[in-house]
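Accompanying notes for the structure given below.
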Amino acid sequence: MPACFPAKTDTYEGATSVTTGWGTFFPDESPDTSRKEMGIRVLTEADCVKKFGANMLNTTTQICAGATGIVLNMYQGNSGDPLLVEHSNGLWYLAGLASW
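Here the sequence shown stands for residues 2 to 101, numbered as in the working numbering.
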């Protein structure tokens with residue numbers, strides 16, 4: 002899927018995003034040979050602090066995304082996977098890359 006680079010002023014808090022890759026999304030899952038896709042929400046700064054703690058986010062260089070209320074997240078093998086958001090113009094934008 003082709004993706005555009007966002008403008009510096011674009012914000013994504015509250016947006017539903019998509020990540021794809023070959024890593025795992027469940028804690029005890031083994032990496033697979035098939036590409037997976039997961040929808041995750043871009044969290045507000047307040048929600049991120051609640052979920053991960055006050056010192057986990059540098060808002061000048063990071064965005065916070067994650068599943069809420071379920072045990073589904075990005076685990077082993079997901080670093081570098083894209084975080085994509087679909088804009089109202091129908092194009093997909095690269096909001097960030099997975100890293101933890």
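Ideal Cβ placement from N, Cα and C applies to all residues, glycine included. Fair warning: this is a prediction, and the values are worked out from it, not measured in the lab.
Query: Cutoff 8 angstroms; reference Ser35; Cβ partners in own chain excluding five residues on either side; Result: Trp23
Query: Residues that Pro83 bridges to, as DSSP identifies them; Result: Leu98
Query: For Val50: DSSP bridge partner residues; Result: Note: Val50 sits in no beta bridge, so no partner.
Query: Leu98 classed as buried or exposed, judged by whether at least 16 other C-beta atoms fall within 10 angstroms; Result: exposed
Query: Proximity to Thr45 [Cα-Cα], best of Ile64, Ser31 and Glu87; Result: Ile64
Query: Contacting residues, own chain, Cβ-Cβ under 8 angstroms from Leu85 (five flanking each side not counted); Result: Met2, Ala4, Ser18, Val19, Thr20, Thr21, Trp93, Tyr94, Leu95 and Ala96
Query: Contact under 8 angstroms by Cβ, Val43 with Ala8; Result: no
Query: Nonlocal neighbours in the same chain, by C-beta distance under 7 angstroms from Glu87, ignoring five residues either side; Result: Trp93
Query: Beta-bridge pairing of Glu38 - partner residues as DSSP gives them; Result: Thr21
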